[in-house]
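Shown next, in C-alpha cells, is the structure this report addresses.
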Amino acid sequence: MAGFVQQVVEGLGAGAIYASLALALVLIYQFTGIVNFAQGELAMFSTYVAWQCVAAGLPFWPALVLTLAVSFAGGMLIERVIIRPVEGAPELTIVIVTVGLFIFVNAAAGWIWTFLIKDFPNPFPGGALEAAGVSVSFSTLGVLGVVAVVMGLLYLLFQHTKIGLGMRAVATNPASARLVGIRVGRTLALGWGLAATVGAVSGVLVAPLLFLEPNMMGGVLIYAFAAATLGGFDSPLGAVAGGLIVGVAETLAGAYVGVIGSDLKVGVPLVIILGVLLLRPQGLFGRAVVERA
1 MAGFVQQVVE GLGAGAIYAS LALALVLIYQ FTGIVNFAQG ELAMFSTYVA WQCVAAGLPF
61 WPALVLTLAV SFAGGMLIER VIIRPVEGAP ELTIVIVTVG LFIFVNAAAG WIWTFLIKDF
121 PNPFPGGALE AAGVSVSFST LGVLGVVAVV MGLLYLLFQH TKIGLGMRAV ATNPASARLV
181 GIRVGRTLAL GWGLAATVGA VSGVLVAPLL FLEPNMMGGV LIYAFAAATL GGFDSPLGAV
241 AGGLIVGVAE TLAGAYVGVI GSDLKVGVPL VIILGVLLLR PQGLFGRAVV ERA
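Numbering of the sequence shown is given in UniProt numbering, commencing with residue 1 and proceeding in unit increments.
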C-alpha cells in the first residue's frame, strides 16, 4: 500500500507541472479561442531568461520575478505583433501561425544560448518528509505549493478585480464587452501576457527536474494538452485537476502496467486525449456548446 501511495505522490508532483502549462493553454483559449501550440516553447524561452539572470549573479527569486515581468511583456508583444493581424482568420491559418511561432522560438533559443544542455538551479531544498513509509520530497511539496499559489492569485484576479471582470467579459462575449466600453484589444493582450507568465512558472518548475535545453518542453506540452483536454479548455480549474489526474495516471501506468513501463508512458496522455474527445469532448469541467439551427 505504501508503494502505491508513493507512486500517487510522485504523480501529483509531475501533474502539478503539467497543470501549470495546461493552465496557460486554457487562459489563451478562453480569451481568444486559439490553441497555442507554441506555449511550451514560450515557457522554455522564459526559463532561459531566468537562467541567464541567475548566471549573471542575481539570486533565484529576484531572477524569477524579473523573468515573469519579461514573460508578461513578451506575451503582450506577441499578441499585438503576431496574433492580432490574423485575428478572425480561418482556424487553420491561426494554427499555422502558432506552429511557426513554435519553430521560431525554438530556433531563437538555440541561436542565443546554443543547444548544449545546461543545469538549472532547484529553488527548493533537498531532502524529504517521511511518514508511514511514504517519502515526499521538498521539491514535490514546493511544486504543489507554487501551483496552488498561482491558482489562488488567478482566482483573486478574476473574481475580485476590475481587470479580471473585464477579462471575463471579453472571454464570454467580446462584442458585448466592446459595447460597454471595455478595450477588447488591450484585454486580449493582457490575456496573452498572463498566459505567458503562467507558462514561465511551468518552465522554471520543469528545468531543475530535467536539463535546460531548447527541446525540454516538447514532452511536457503533450501532457499539458492532455490535461487541458481532460479538464476542459474553458475551465482553469479543470486544467489543474486534469494535470493532476494525468500525472497520477502516467505514474501508475508506468509502475504497474508492465507493457508500458518507463518507455511508453508518453502514450498515456495520447490515450487520454483520444478517450476524452470520443466520450466527452468538452472535458470533465467544460461546458458543452449548444448551437441552435
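Note that beta-carbon positions come from the ideal geometry of N, C-alpha and C, so glycine has one too. Since we're looking at a predicted model, the values are computed, not measured.
Give the DSSP bridge partners of residue i, in chain order.
i: residue 118; result: 212
i: residue 136; result: 129
In three-state DSSP terms, what is residue i?
i: residue 49; result: helix
i: residue 235; result: coil
i: residue 264; result: coil
i: residue 128; result: strand
i: residue 35; result: coil
i: residue 284; result: coil
i: residue 274; result: helix
i: residue 207; result: coil
i: residue 173; result: coil
i: residue 123; result: coil
i: residue 259; result: coil
i: residue 87; result: coil
i: residue 28; result: helix
i: residue 59; result: coil
i: residue 181; result: coil
i: residue 251; result: helix
i: residue 1; result: coil
i: residue 187; result: helix
i: residue 217; result: coil
i: residue 229; result: helix
i: residue 14; result: helix
i: residue 93; result: helix
i: residue 197; result: helix
i: residue 98; result: helix
i: residue 294; result: Since the displayed the chain opens at 1 and closes at 293, residue 294 lies outside it and no answer follows.
Which residue wins for smallest C-alpha separation from residue i, given the options the options?
i: residue 61; options: 123, 19 and 244; result: 123
i: residue 300; options: 138, 83, 10 and 161; result: The requested residue 300 is not part of the displayed model; the chain covers only 1 to 293.
i: residue 146; options: 105, 199, 8 and 81; result: 199
i: residue 267; options: 279, 276, 66 and 253; result: 253
i: residue 276; options: 152, 246, 91 and 30; result: 246
i: residue 133; options: 2, 283, 88 and 278; result: 2
i: residue 14; options: 228, 209 and 45; result: 209
i: residue 236; options: 255, 154, 273 and 221; result: 154
i: residue 148; options: 264, 241 and 213; result: 241
i: residue 215; options: 68, 81, 113 and 94; result: 113
i: residue 282; options: 196, 57 and 26; result: 26
i: residue 16; options: 182, 220, 93 and 274; result: 220
i: residue 152; options: 20, 6, 4 and 42; result: 20
i: residue 43; options: 118, 203 and 270; result: 203
i: residue 41; options: 195, 257 and 233; result: 195
i: residue 115; options: 178, 94, 80 and 48; result: 48
i: residue 233; options: 31, 5 and 7; result: 31
i: residue 55; options: 72, 104 and 118; result: 118
i: residue 190; options: 72, 223 and 227; result: 72
i: residue 322; options: 227, 59 and 263; result: Residue numbering for the chain in the displayed model covers 1 to 293; residue 322 lies beyond these limits and cannot be assessed.
i: residue 197; options: 68, 88 and 12; result: 68
i: residue 269; options: 263, 227 and 94; result: 227
Could you tell me the alpha carbon to alpha carbon distance between residue i and residue j, rounded to whole angstroms?
i: residue 193; j: residue 70; result: 9 Å
i: residue 98; j: residue 170; result: 21 Å
i: residue 108; j: residue 28; result: 22 Å
i: residue 10; j: residue 18; result: 13 Å
i: residue 106; j: residue 39; result: 11 Å
i: residue 50; j: residue 63; result: 6 Å
i: residue 287; j: residue 166; result: 21 Å
i: residue 74; j: residue 126; result: 33 Å
i: residue 22; j: residue 243; result: 7 Å
i: residue 186; j: residue 229; result: 27 Å
i: residue 260; j: residue 238; result: 26 Å
i: residue 77; j: residue 184; result: 15 Å
i: residue 212; j: residue 251; result: 23 Å
i: residue 174; j: residue 180; result: 10 Å
i: residue 86; j: residue 131; result: 54 Å
i: residue 100; j: residue 46; result: 18 Å
i: residue 160; j: residue 79; result: 25 Å
i: residue 313; j: residue 5; result: This structure cannot settle anything about residue 313, because the visible part of the chain is limited to 1 through 293.
i: residue 91; j: residue 205; result: 31 Å
i: residue 188; j: residue 257; result: 44 Å
i: residue 224; j: residue 279; result: 19 Å
i: residue 129; j: residue 177; result: 49 Å
i: residue 136; j: residue 164; result: 35 Å
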